[in-house]
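Reviewing the structure listed below.
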Amino acid sequence: WVLKHSVAALLKPLGYVRKKNSFLRELGEVQAIVDVTRGNFNTVENAGFTIEVGVFSPALFHFFYNLPNPDPPLSRDCVISSRLRQLADDHLDPWWTLTGSDDATTVDQAIAHDITDRQQRHGLPFLNRFATRDSILKFLEEPRSPGDRFIMPRAEPHRWCYVGILHALNGNRLKAISA
């Protein structure tokens, strides 16, 4: 119920298609991904989940990993990604939790409202910010602002490998080699 009335209700009219627990939108050379990640220790009585947003580049993934592209791609496969709650000003990352003892209607509605609000204020602007390979490349080449510290990749080696691959994909061999 929560996902149907929050994530799906918001994203489907924007052109996102659901595949398993992910929502994907084609943006030309990249895909916007909204990925619902379930907790590893969920039970019938207690289930936690988080939402991750990211931008997947099929060409970069194939170049970097030399593997077929995942179907569907998940946030961990994205060149740029973050957890939805970490995009907020406080950068905290608590998971949403549903329990068997909750007043299902009240809790479900509150969680659905929170997810929709966060997706509109933070998730969609994040995905729009990185809607092209050029915008991703620019972000990866520039120093990070403090507000961007939770955006993946955080590891410098990954970041610079991606920069080199993106330059190569853009046909700029010299910049690819120097990255």
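Each residue of the sequence shown is one higher than the one before, counting from -2 in my numbering.
The C-beta atom is built at its ideal place from N, Cα and C for all residues, glycine as well.
For residue i, the three-state DSSP class (helix, strand or coil)
i      : result
LEU0   : helix
VAL41  : coil
ALA107 : helix
THR47  : strand
PHE61  : helix
When the options are compared against residue i, the one with the closest alpha-carbon
i      : options                           : result
ILE77  : LYS172, ARG141, LEU11 and LEU0    : ARG141
VAL69  : LYS16, THR102, VAL52 and ARG22    : The residue asked about is misnamed: residue 69 is Pro in this sequence, not Val. Out of LYS16, THR102, VAL52 and ARG22, LYS16 has the C-alpha closest to the C-alpha of PRO69.
LEU95  : ALA152, THR47 and ALA128          : THR47
LYS9   : PHE61, ILE174, THR113 and ASP74   : THR113
ARG82  : ILE133, GLN117, LEU134 and GLU153 : GLN117
GLU196 : VAL160, LEU121 and PRO122         : Residue 196 lies beyond the stretch modelled for the chain, which goes from -2 to 176, so this question has no answer here.
Nearest-angstrom beta carbon gap, residue j and residue i [assumed within contact, 8 Å]
i      : j      : result
LEU124 : ALA29  : 4 Å
VAL41  : PHE20  : Going by Cβ atoms, the distance from VAL41 to PHE20 rounds to 25 Å, so no, they are not a contact pair.
ALA85  : HIS119 : 6 Å
SER79  : PHE147 : 6 Å
TRP157 : ALA173 : The pair is not a contact, with the Cβ atoms about 11 Å apart (cut-off 8 Å).
ALA165 : VAL27  : At roughly 16 Å, the Cβ-Cβ gap does not stay under 8 Å, so ALA165 and VAL27 are not in contact.
Buried/exposed call for residue i, threshold 16 Cβ in 10 Å
i       : result
LEU137  : buried
ASP208  : Look at the range of the chain in this structure, -2 to 176, and you will see that residue 208 is not part of it.
LEU163  : buried
GLU49   : buried
GLY97   : exposed
ASP87   : exposed
VAL(-1) : buried
TYR62   : exposed
ARG151  : exposed
LEU11   : exposed
Span of the beta strand (DSSP E) around residue i
i     : result
TRP93 : 93 to 96
VAL14 : 14 to 16
VAL33 : 28 to 35
SER78 : 77 to 80
Endpoints, the alpha helix (DSSP H) within which residue i is located
i      : result
GLU139 : Here GLU139 belongs to no alpha helix (DSSP H), and DSSP marks it neither H nor E.
LEU11  : First-last for LEU11: undefined, no H or E at that position.
PHE20  : Careful: PHE20 lies outside any alpha helix (DSSP H), inside the beta strand (DSSP E) at 19 to 23.
ILE174 : 170 to 175
ALA165 : 153 to 166
ASN125 : 121 to 126
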